[in-house]
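Residue numbers (the UniProt record's numbering): 1 to 77. Every residue gets a Cβ at the ideal spot worked out from N, C-alpha and C, and that includes glycine.
Below, the structure written as structure tokens:
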């Protein structure tokens, strides 16, 4: 299923264990985020995975920002 606000991101229970992924691929949003967190640049990711675009990477970042802005507050311990 394509997400209405995130054209590049899809969720399908039969693909990637139901985790969000870049539509048309099996590249999970979390894979992209982990590469960026590890210091990879958008250019490096696209060079290593030519079926991913810089727009897909920005969609992953936007999706993550949206997910992190969830209204449920975690209790501090």
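When the Cα atoms are used, what is the spatial distance from residue i to residue j?
i: residue 38; j: residue 64; result: 16 angstroms
i: residue 10; j: residue 42; result: 20 angstroms
i: residue 12; j: residue 48; result: 25 angstroms
Can you check whether the CB of residue j is closer than 8 angstroms to the CB of residue i?
i: residue 45; j: residue 35; result: yes
i: residue 60; j: residue 33; result: yes
i: residue 6; j: residue 62; result: yes
Would you say residue i touches the ligand MG, meaning its beta carbon is less than 7 angstroms from a heavy atom?
i: residue 10; result: In the structure on display, the ligand MG does not appear, and there are no ligands present to speak of.
Check each candidate in the options and name the one with the smallest Cα separation from residue i.
i: residue 56; options: 14, 12, 13, 20; result: 20
i: residue 8; options: 14, 18, 27; result: 27
> At what residue ranges does the stretch 6 to 54 contain a whole run of the beta strand (DSSP E), taking only runs of 3 or more?
Replying inline: 6 to 10
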